[in-house]
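If you read the protein sequences in the order shown, they are chains X and D.
Taking our numbering as reference, the numbering of the first sequence is continuous, increasing by one, and the terminal residue is 183.
Taking our numbering as reference, the numbering of the second sequence is continuous, increasing by one, and the terminal residue is 262.
Glycine included, C-beta positions come from ideal geometry on N, C-alpha and C.
Note that the structure is predicted; figures quoted are calculated from it, not measured.
Here is the structure we will look at, set down as structure tokens.
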Amino acid sequence: MRQPLLALLAKEPAHGYELKLALEQTFGQAYPSPNIGQIYVTLKRLEQDGLVCSQDVEQTTRPNKRVYELTSAGREALRAWVEEPSDGPRIRDEFFIKLILAPMAGLADRIALMNAQRRHYLSLMRKLTDLQADADRADAPARLLIEGAVLHLQADLDWLERCQEELV
Amino acid sequence: MRRSEPRWPGVGDTPALLRARKLVKVYRADGVEVEALRGVDLELAIGEFVAIMGPSGSGKSTLLHVLGGLAPATSGEIWLRGQRVDGLSTAGWAILRRRHIGFVFQFFNLLSNMTVADNVELPALLAGANPRQARRRREELLAELGIADKAGAAPARLSGGEQQRVALARALANEPSLLLADEPTGNLDSSNTRDVLRLLRRVHAGGQAILMVTHDARVASLADRVINLFDGMVADDAAIVPIPRGLNGVRDVLELRG
Chain X
16 MRQPLLALLA
26 KEPAHGYELK
36 LALEQTFGQA
46 YPSPNIGQIY
56 VTLKRLEQDG
66 LVCSQDVEQT
76 TRPNKRVYEL
86 TSAGREALRA
96 WVEEPSDGPR
106 IRDEFFIKLI
116 LAPMAGLADR
126 IALMNAQRRH
136 YLSLMRKLTD
146 LQADADRADA
156 PARLLIEGAV
166 LHLQADLDWL
176 ERCQEELV
Chain D
5 MRRSEPRWPG
15 VGDTPALLRA
25 RKLVKVYRAD
35 GVEVEALRGV
45 DLELAIGEFV
55 AIMGPSGSGK
65 STLLHVLGGL
75 APATSGEIWL
85 RGQRVDGLST
95 AGWAILRRRH
105 IGFVFQFFNL
115 LSNMTVADNV
125 ELPALLAGAN
135 PRQARRRREE
145 LLAELGIADK
155 AGAAPARLSG
165 GEQQRVALAR
175 ALANEPSLLL
185 ADEPTGNLDS
195 SNTRDVLRLL
205 RRVHAGGQAI
215 LMVTHDARVA
225 SLADRVINLF
235 DGMVADDAAI
245 VPIPRGLNGV
255 RDVLELRG
């Protein structure tokens with residue numbers, strides 16, 4: 016949550032709720048709607064780390080709101096984040112660890128684990144294809160986010176199939 | 005029919021359209037026997053959409069071909085619309101397919117020396133429709149699939165997506181109660197896949213049952229039920245349980261880093 020908030024603040028100062036709305040509007044309904052409490056906590060930590068600063072802005076009819084602004088250290092941290100390539104494949108896959116370790120401990124058999132996992136993936140895929148059908152064609156970030164998730168999920172299913180071939 | 009057969013989620017009390025019992029298929033080549041199907045039980049309700057997944061070599065295509073009578077079963081039973089059909093002759097199967105079964109393949113299998121229109125009209129003509137009926141049905145289908153303007157073209161002049169739509173139109177010409185599809189999107193890019201999917205959804209909504217072999221999880225996720233075939237046997241057979249409204253399940257997939 017830290018870097019997306021920094022990136023939004025690099026555009027213009029904003030208060031917590033505006034940041035929540037901006038995230039939702041940019042990434043569409045496929046993006047897990049950020050919890051407002053989590054946003055406030057993250058902003059407070061960013062401030063402690065000197066990456067943002069804030070000031071209270073008085074409002075006549077409502078309580079004051081706190082507006083956050085990027086510091087030069089924040090801009091530097093953001094630049095470093097943008098320039099660094101992001102992590103690739105997930106080698107530490109939780110299901111895979113389960114698949115290998117649970118049968119060794121006599122906790123489950125592999126076919127049952129794989130079947131349950133495949134069913135779960137397919138349910139997720141159904142959800143994503145529904146989201147995809149609903150997604151606004153003109154809203155490229157939301158559409159591409161869903162497509163990325165679809166491709167990852169397809170890869171997870173292909174990998175599951177490979178596990179089935181080798182381990183059963 | 006006895007009611008003691010195994011039941012599957014999603015089938016409920018809907019009468020079975022297709023039922024296979026202990027289906028075995030052994031291929032023999034050069035004195036070597038390969039057991040492609042090793043006792044498959046399967047049931048498909050009227051109007052149901054079932055996807056078959058599984059690793060390559062698990063028997064998926066063989067199963068589809070045997071169920072459609074394109075290859076004879078070595079043993080086991082096949083019932084279609086309450087009638088036992090595994091003992092039919094080649095000609096008997098041809099008649100059954102013409103009336104009740106549509107086939108779609110990965111590589112379209114269109115007749116290259118005939119126009120698109122003729123490809124689509126042929127099954128109706130073979131089934132005994134008069135030319136005017138066959139033509140009307142063809143016009144309806146091509147219009148519905150958005151390729152009415154290609155009627156006079158040779159299949160080779162069309163893109164892969166368009167050829168698959170023609171193949172779908174041909175498969176649907178006689179309004180079969182069962183559509184068998186073998187990797188129908190396997191050779192298509194993602195926008196053509198989306199189009200074919202939309203059409204399959206519409207076919208399904210129209211009450212036709214679909215049994216489809218696919219590697220594409222997007223395609224499979226549209227099915228009512230997914231069968232996982234492994235090593236010639238059914239390893240799993242379960243309805244796709246929709247994730248309730250809200251995005252909790254998707255959160256796992258879409259978690260942005262940071």
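Between residue i and chain X, is any beta-carbon pair separated by less than 8 Å?
{"i": "S225 of chain D", "result": "yes"}
{"i": "P246 of chain D", "result": "yes"}
{"i": "A242 of chain D", "result": "yes"}
{"i": "N191 of chain D", "result": "no"}
{"i": "R222 of chain D", "result": "yes"}
{"i": "N232 of chain D", "result": "yes"}
{"i": "A185 of chain D", "result": "no"}
Taking residue i as the reference, which of the options has the closest Cα?
{"i": "R94 of chain X", "options": "X:C68, X:P19, X:N130", "result": "X:P19"}
{"i": "A147 of chain D", "options": "D:G164, D:L21, D:V120", "result": "D:V120"}
{"i": "R85 of chain D", "options": "D:A213, D:F234, D:R222, D:D235", "result": "D:A213"}
{"i": "E27 of chain X", "options": "X:P49, X:V67, X:E176, X:Q63", "result": "X:V67"}
{"i": "R23 of chain D", "options": "D:S60, D:L68, D:G58", "result": "D:L68"}
Can a CB atom of chain B be found closer than 8 Å to the CB of residue i?
{"i": "P59 of chain D", "result": "No chain B appears in the structure shown, which is made up of the protein chains X and D."}
By DSSP, does residue i sit in helix, in strand, or in coil?
{"i": "F234 of chain D", "result": "strand"}
{"i": "Q169 of chain X", "result": "helix"}
{"i": "V183 of chain X", "result": "coil"}
{"i": "F53 of chain D", "result": "strand"}
{"i": "E179 of chain D", "result": "coil"}
{"i": "L130 of chain D", "result": "helix"}
Output the distance between the C-alpha atoms of residue i and residue j, rounded to the nearest integer angstrom.
{"i": "H104 of chain D", "j": "A157 of chain X", "result": "42 Å"}
{"i": "A29 of chain X", "j": "A175 of chain D", "result": "58 Å"}
{"i": "L139 of chain X", "j": "A88 of chain X", "result": "40 Å"}
{"i": "R152 of chain X", "j": "I161 of chain X", "result": "12 Å"}
{"i": "D153 of chain D", "j": "Q167 of chain D", "result": "13 Å"}
{"i": "I151 of chain D", "j": "R169 of chain D", "result": "8 Å"}
{"i": "R134 of chain X", "j": "C178 of chain X", "result": "15 Å"}
{"i": "G43 of chain D", "j": "G80 of chain D", "result": "8 Å"}
{"i": "G16 of chain D", "j": "R81 of chain X", "result": "Note on G16 of chain D: pLDDT 49, under 50, position unreliable in the model; the coordinate value appears next. Distance between the alpha carbons of G16 of chain D and R81 of chain X: 57 Å."}
{"i": "E33 of chain X", "j": "P100 of chain X", "result": "28 Å"}
{"i": "I106 of chain X", "j": "L114 of chain X", "result": "14 Å"}
{"i": "L204 of chain D", "j": "D108 of chain X", "result": "34 Å"}
{"i": "G65 of chain X", "j": "L36 of chain X", "result": "24 Å"}
{"i": "E84 of chain X", "j": "R17 of chain X", "result": "14 Å"}
{"i": "A98 of chain D", "j": "G72 of chain D", "result": "9 Å"}
{"i": "E47 of chain D", "j": "A160 of chain D", "result": "37 Å"}
Is there a Cβ of chain D sitting closer than 8 Å to that of residue i, yes or no?
{"i": "L168 of chain X", "result": "yes"}
{"i": "R134 of chain X", "result": "yes"}
{"i": "I126 of chain X", "result": "yes"}
{"i": "L139 of chain X", "result": "yes"}
{"i": "T41 of chain X", "result": "no"}
{"i": "Q179 of chain X", "result": "yes"}
{"i": "E176 of chain X", "result": "yes"}
{"i": "L172 of chain X", "result": "yes"}
Looking at chain D, which residues of the segment 61 to 91 of chain X have a Cβ within less than 8 Å of any of its Cβ atoms? Along the segment 61 to 91 of chain X, none of the residues has a CB nearer than 8 Å to a CB of chain D.
Note down, in chain order, all residues in the segment 40 to 65 of chain D with a beta-carbon under 7 Å from any beta-carbon belonging to chain X. P59
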